[in-house]
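Before any comments, here is the structure.
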Amino acid sequence: MMRVFVAADITDNVLINNIISAQSVIGGRNVKQENLHFTLQFLGEVDESSIPDIINKLQTIKFDGFDVTLHGIGTFGRPARLIWVGVTDHTPLQELSDSIGHTLEQKSNKKFTPHLTISRLKKNDKINITPYKDYTWGVQHMDRFKIKRSVLAPTGPVYTDMAEVTCN
């Protein structure tokens, strides 16, 4: 079994630099630059033998590339467990996530909330997100998504790309 998810990576250099600069101010355990992504569908523990079928199904998805503007900041959990950056218009990400879920026949009771995790928190971490409440981080062009394997390690998750699907 392997832990698998579908994601769109953050690749825009201006956006990445803005996030890295803010991470030093915000606090918590920063998500590494190479791990910045939007999770489109979390598949969970998947039998390794089913991966080729998953990849084949996902490669049938047709979508047009689109831009996502990242704006604002917030936390999930009480007490806060992670810090996220939001988007101004979640519709294109929602539609892509729905298409992936439908193609894979995923049943989820969880509402899709597009967000980019930039930091994880421990119980007593002090954070300062106020300067970024109304901040526009930049724009990411989304023209592909990836099927990724996640291995949880003591130093944080390690992601491995297994396949990539590009837009029409």
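Numbering follows my numbering, with no gaps: position 102 of the sequence shown is 102. C-beta: ideal position from N, C-alpha, C; glycine also.
Asked: Could you give the residue range of the alpha helix (DSSP H) that holds E95?; Found: T91 to T103
Asked: Taking the C-alpha atoms as reference points, what is the distance between A7 and Q41?; Found: 7 Å
Asked: What residue from H37, Q33, V14 and N17 has the CA that sits closest to K148's CA?; Found: H37
Asked: Per DSSP, what are the beta-bridge partners of Q41 in this structure?; Found: V6
Asked: Quick check: what's the CA-CA separation for H71 versus N56?; Found: 34 Å
Asked: Identify the residues that DSSP records as bridge partners of K146: which are they?; Found: A7 and E164
Asked: What does the Cβ neighbour count give for N25, buried or exposed, with the cut at 16 atoms within 10 Å?; Found: Asn is not the amino acid found at residue 25; the sequence shown has Val there. With fewer than 16 other Cβ atoms within 10 Å, it is exposed.
Asked: From T160 to E45, what distance separates their C-alpha atoms?; Found: 15 Å
Asked: Should A153 go down as buried or exposed, given a rule of 16 or more other Cβ atoms within 10 Å for buried?; Found: exposed
Asked: What does the alpha-carbon distance come out to for the pair G27 and K111?; Found: 27 Å
Asked: Do S99 and F63 count as a contact pair if the criterion is CB distance below 8 Å?; Found: yes
Asked: Quick check: the Cα distance between R78 and K122, rounded to an integer number of angstroms?; Found: 11 Å
Asked: Which of the three DSSP states, helix, strand or coil, is assigned to D67?; Found: strand
Asked: Among S150, V4, L15 and F5, which has the Cα closest to the Cα of D67?; Found: L15
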